[in-house]
Amino acid sequence: MNTSPIAIAIDGPAAAGKSTIARRVAECLGFTYVDTGAMYRAFTHAVIKKGLDPKNEAQAITLIPEIEIDLLEDGRVICNDEDVTKTIREPLISGNVSYIAAMKPIRLALVEMQRAIAARHSVVMDGRDIGTYVLPDAAVKIFQTASVETRAIRRYEENLAKGIPTSLEDVKRDLRDRDYIDSHREFAPLRPAPDSILIDTSFMSIDEAVEAVLRAVKRKMGDGITC
Ligand code: DC
0 MNTSPIAIAI
10 DGPAAAGKST
20 IARRVAECLG
30 FTYVDTGAMY
40 RAFTHAVIKK
50 GLDPKNEAQA
60 ITLIPEIEID
70 LLEDGRVICN
80 DEDVTKTIRE
90 PLISGNVSYI
100 AAMKPIRLAL
110 VEMQRAIAAR
120 HSVVMDGRDI
130 GTYVLPDAAV
140 KIFQTASVET
150 RAIRRYEENL
160 AKGIPTSLED
170 VKRDLRDRDY
180 IDSHREFAPL
190 RPAPDSILID
200 TSFMSIDEAV
210 EAVLRAVKRK
220 MGDGITC
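Residues in the sequence shown are numbered from 0 upward in steps of one, following numbering that gives the first Met the number 0.
Printed below as a string of structure tokens:
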């Protein structure tokens, strides 16, 4: 029997609904969900908390040896024993995380952690470079997108529900800026893997998007998939 772990990669721009959908797909398949964006956010939080400049690579990389990030099964994000689950979604972090994510030494350190998780567990991993760089041999690669308008409304409503004060215009500007930086950085930029399946969720409910991903997984992986 082949018991090597299976990987499903879900990439795409900010607020395309990747984490909600990836989490549901992982639950359904009994796989571990890995939110790699949360790792870049946790690193950004640590840099800011230390009083370092998140745009200054020489400063930010000094934290690489000190950072330990745990993604718990219940969705909590722990960074050096501090629960940062809520803080890492705040606008201060969202507005700075792309600078940190563009720093190659930090990416290499976090990618190593991501690959170590995928070596031990079957995963649904979401991010920007999972299918292209982190797990190029993933069994299924999804590139999930949605229009910037749809994504901004979704993120704005999420922020409201979490009590994070923002305006729709600010959210839209932040998404555009982040997509630009993420897709124009030199190392492992956001782009669809050539063998990825494109899913546009602009006009889909969460249930429909989960179904679309599961259909793609079943098409690729066949009858072994039973959910
Ligand atoms: O998915 P998210 O919005 O939580 O991601 C936060 C930031 O981290 C985003 O600007 C892109 C970056 N990121 C990345 O560069 N590579 C990943 N694999 C995941 C996220």
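Note that the Cβ used here is the ideal one computed from N, Cα and C, for glycine as well.
- Remark: C-beta atoms of Ile7 and Ala192 do not approach each other more closely than 8 Å.
- At a threshold of 7 Å, Ile129 counts as near the ligand DC, since its beta carbon sits closer than that to one of the ligand's heavy atoms.
- Just measuring C-alpha positions, the residue of Ile60, Ala115 and Thr35 sitting nearest Ala45 is Ile60.
- When rounded, the separation of the alpha-carbon atoms in Ser18 and Asp125 is 7 Å.
- In this structure, Gln113 lies away from Val216, with their beta-carbon atoms at least 8 Å apart.
- Taking the CA atoms as reference points, Asn158 sits about 20 Å from Thr35.
- A direct Cα-Cα distance of roughly 8 Å separates Asp178 from Leu189.
- Taking 8 Å as the cut-off, the beta carbon of Lys171 is found no closer than this to the beta carbon of Arg88.
- Each residue's CA atom was taken as its position, placing Glu72 and Ala211 some 24 Å apart.
- Annotated three-state conformation of Gly223 is helix, per DSSP.
- Secondary-structure assignment with DSSP links Ala192 through no beta bridge to anything.
- The segment 98-105 makes no contact with the segment 139-157, as fewer than three CB pairs between them are under 8 Å.
- In terms of CA proximity to Pro90, Tyr155 leads the group Asp69, Gly29, Val123 and Tyr155.
- In its chain, beyond the 5 residues on either side, Ala101 have a beta carbon closer than 7 Å to the beta carbon of Arg184.
- Assigned with DSSP and collapsed to three states, Gly126 falls in strand.
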